[in-house]
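To keep things clear, I will list the structure first and then write my remarks on it.
Residue numbers (UniProt numbering): 1 to 170.
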């Protein structure tokens, strides 16, 4: 039926997958609570971080990314999935990133558990190349903030809030 085939429906594979992920996160939060939802998404984020880290190192033909490359990778990977992350600060102590557009689009609104994907992917990539990372999401679009602000601390002796990540094989 051409009328069905030609109907203007805002549905494609990308939108479907984002909506699926958003609904899945919301369902887990509703059933198991935010803490358990964050834990489950963190496990997925760990695997995604490992895979993405390996892909960038292979593409750049390096065994380890330097700090500038790590920061560039964090921005680039989000660009590739339609986020709008940008570098605010880069030093030996920290990487600070801002973001104007969530890669999950409006499907992240009210679903802060999805921020664990960012925390884990950023934490894994940074720790695997730097030895350590502590990620704090200071602002999040998912929480109703106008933008995201993510701080990745690189010094294990500096204590503070956030999730810690360590290199798997030192």
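We treat Cβ as the ideally placed atom computed from N, Cα and C, and that holds for glycine.
Computed from a predicted structure; not experimentally measured.
DSSP three-state assignment for residue i, whether helix, strand or coil
| i | result |
| --- | --- |
| residue 115 | helix |
| residue 52 | helix |
| residue 82 | coil |
| residue 64 | coil |
| residue 96 | strand |
| residue 146 | coil |
| residue 88 | strand |
Cβ neighbours of residue i in the same chain (closer than 6 Å, five flanking residues each side left out)
| i | result |
| --- | --- |
| residue 167 | 127, 128, 131 |
| residue 107 | 18, 19, 22 |
Opposing strand residues paired with residue i [DSSP bridges]
| i | result |
| --- | --- |
| residue 102 | DSSP, once it has assigned bridges, lists no residue as partnering residue 102. |
| residue 29 | Looking at the DSSP assignment, residue 29 forms no beta bridge with any residue, so it has no partner. |
| residue 157 | Looking at the DSSP assignment, residue 157 forms no beta bridge with any residue, so it has no partner. |
Beta-carbon proximity list for residue i, same chain, < 7 Å, skipping 5 on both sides
| i | result |
| --- | --- |
| residue 84 | 99, 100, 101 |
| residue 15 | none |
Residue i and residue j closer than 8 Å at C-beta
| i | j | result |
| --- | --- | --- |
| residue 96 | residue 89 | yes |
| residue 135 | residue 46 | no |
| residue 29 | residue 113 | yes |
| residue 75 | residue 87 | yes |
| residue 165 | residue 133 | yes |
| residue 49 | residue 120 | yes |
Expected contact under 8 Å - CB spacing of residue i and residue j to nearest Å
| i | j | result |
| --- | --- | --- |
| residue 151 | residue 138 | 6 Å |
| residue 25 | residue 37 | 6 Å |
| residue 109 | residue 142 | 6 Å |
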